[in-house]
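Participant: Residue numbers (my numbering): 1469 to 1552. Don't be surprised by glycine CBs; every beta carbon is placed ideally from N, CA and C. Okay, here's the structure, questions in a sec.
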C-alpha cells in the first residue's frame, strides 16, 4: 500500500525538478514549429538495420540514442539526463 501511495503522490504533487534533468526552455508565444525531415539512402538504412541486428537491438532504440546524444552534446554540462 505504501508503494501505491508514494506513486500517487509523485504523480499528482510537484516535487521540483530532478537534478541534472533538462526540461527544455521556457515556452513563449507565438509558437513556431521548426521541423526538419531527414531522409536516409537505402544503403545507409540497410547498414543501420544490419548494425542493429548484429547488436540485437531495434532501429527505434538506436535512433533514440543518436538523437539523445546529439541533443545532450549541445546542452550545458549541468544537464546530464533526458526523461521521456
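1) From residue 1545 to residue 1489, what does the alpha carbon distance come to, in whole angstroms?
2) Thinking C-beta only, is residue 1539 closer than 9 Å to residue 1527?
3) Using the three-state DSSP reduction, which class does residue 1549 fall into: helix, strand or coil?
4) Could you give the residue range of the alpha helix (DSSP H) that holds residue 1489?
5) Can you tell me which of the three DSSP states residue 1523 falls into?
Facilitator: Working from what's here:
1) Going by the C-alpha atoms only, they are around 11 Å apart.
2) Not in contact: residue 1527 and residue 1539 (Cβ atoms no closer than 9 Å).
3) In the structure shown, residue 1549 sits in a strand (DSSP, three-state: E or B).
4) No alpha helix (DSSP H) holds residue 1489; DSSP gives it neither H nor E.
5) Reduced to three states, the DSSP call for residue 1523 is coil.
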